[in-house]
Amino acid sequence: MMSSKPHYLAIGLFVLVTSALGLIGVVAISSDAMRSPKYFLETYVDESVQGIDVGTPFKFRGVKVGNVSEISMVSTVYDTTKMYVMIRVALEDREMMEDQERWKKQVNEMIGQGLRLKLVPQGITGLSFLEAEFYPDTESGPLEIDWTPKYTYIPSTPAMMTLLSRSIER
Numbered sequence: 489m490m491s492s493k494p495h496y497l498a499i500g501l502f503v504l505v506t507s508a509l510g511l512i513g514v515v516a517i518s519s520d521a522m523r524s525p526k527y528f529l530e531t532y533v534d535e536s537v538q539g540i541d542v543g544t545p546f547k548f549r550g551v552k553v554g555n556v557s558e559i560s561m562v563s564t565v566y567d568t569t570k571m572y573v574m575i576r577v578a579l580e581d582r583e584m585m586e587d588q589e590r591w592k593k594q595v596n597e598m599i600g601q602g603l604r605l606k607l608v609p610q611g612i613t614g615l616s617f618l619e620a621e622f623y624p625d626t627e628s629g630p631l632e633i634d635w636t637p638k639y640t641y642i643p644s645t646p647a648m649m650t651l652l653s654r655s656i657e658r
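When we follow our numbering, the leftmost residue of the sequence shown carries the number 489, and every step to the right adds one.
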């Protein structure tokens, strides 16, 4: 005949082991989410940012390299009266950014070659993403800023729809 007494030691061990494994799994899965980004860019636009939000992809020549981390009016972050919209981007950790000074120098050289950030629509959905691309022949220069950016600053260029509407108005 089998004993109907519960084996408290086995039950307790089972509960402890499964709890520990569950905790280890949660930590392993969420370790990327818990790590805060180290590298940021910011840009300012003098147009509507309809279609982007926090979490919107940031792409460099079509390759996703980060996400929009903050969108706000410049005057709420810096001491200015300019009515620009500030967009901050959290960049994914990349080996190329380990040497911060070299990376900033490289970004400044690319800005000199026409690197600009631009809002790009995703088809007909009304959603957009932020893209870094070279526009060496752009007519619009960088926006005038009267503050020192907290993070690496890359000038923006107007979105295609903004350029089109300005052209039609003229």
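Cβ coordinates follow ideal geometry from the N, Cα and C atoms, glycine included. For clarity, every value in this text was computed on a predicted model and none was experimentally measured.
Tell me, please, which residues DSSP counts as bridged to residue i.
i	result
ASN555	PRO545 and ALA578
THR531	ILE575
PRO609	SER616
PHE502	Looking at the DSSP assignment, PHE502 forms no beta bridge with any residue, so it has no partner.
TYR641	GLU530
ARG604	GLU621
MET598	The partner list for MET598 (beta bridge, DSSP) is empty, contrary to what the question assumes.
SER563	The partner list for SER563 (beta bridge, DSSP) is empty, contrary to what the question assumes.
Do you know offhand how far residue i's Cα is from residue j's?
i	j	result
TRP591	GLU535	29 angstroms
ASN596	GLY602	10 angstroms
LYS611	GLY539	A small correction: the amino acid at residue 611 is Gly; Lys does not occupy that position in the sequence shown. In a straight line, the C-alpha of GLY611 is about 11 angstroms away from that of GLY539.
PHE548	ASP625	18 angstroms
GLU632	VAL577	20 angstroms
MET561	THR569	10 angstroms
TYR532	PRO637	10 angstroms
ASP541	SER557	8 angstroms
GLU530	ARG604	11 angstroms
VAL505	VAL514	14 angstroms
ARG658	ILE517	54 angstroms
GLY510	PRO609	42 angstroms
Can you find the residues in the same chain that come closer than 6 angstroms, C-beta to C-beta, to residue i, ignoring five residues on each side of it along the sequence?
i	result
PRO630	PRO643
SER507	none
GLY708	Examination of residue 708 is not possible in this model, given that the chain is present from 489 through 658 alone.
GLN588	none
LYS552	PRO545
Taking Cβ to Cβ, would you say residue i is nearer than 8 angstroms to residue j?
i	j	result
LEU618	LEU607	yes
LEU579	PHE528	yes
VAL537	ILE559	yes
Thinking residue i and residue j are a contact (beta carbons under 8 angstroms), I'd like their distance in whole angstroms, please.
i	j	result
TYR623	THR640	Contact doesn't hold; Cβ gap of about 18 angstroms is too wide.
VAL565	MET574	6 angstroms
Can you give me the Cβ contacts of residue i inside the same chain, cut-off strictly under 7 angstroms, excluding the 5 residues immediately before and after it?
i	result
ALA635	It should be pointed out that residue 635 corresponds to Trp in this sequence rather than to Ala. Cβ within range, chain order: TYR566, ASP567 and THR568.
Considering only residues of the same chain and omitting the five flanking positions on each side of residue i, which have a CB-CB separation below 8 angstroms?
i	result
MET598	PHE622
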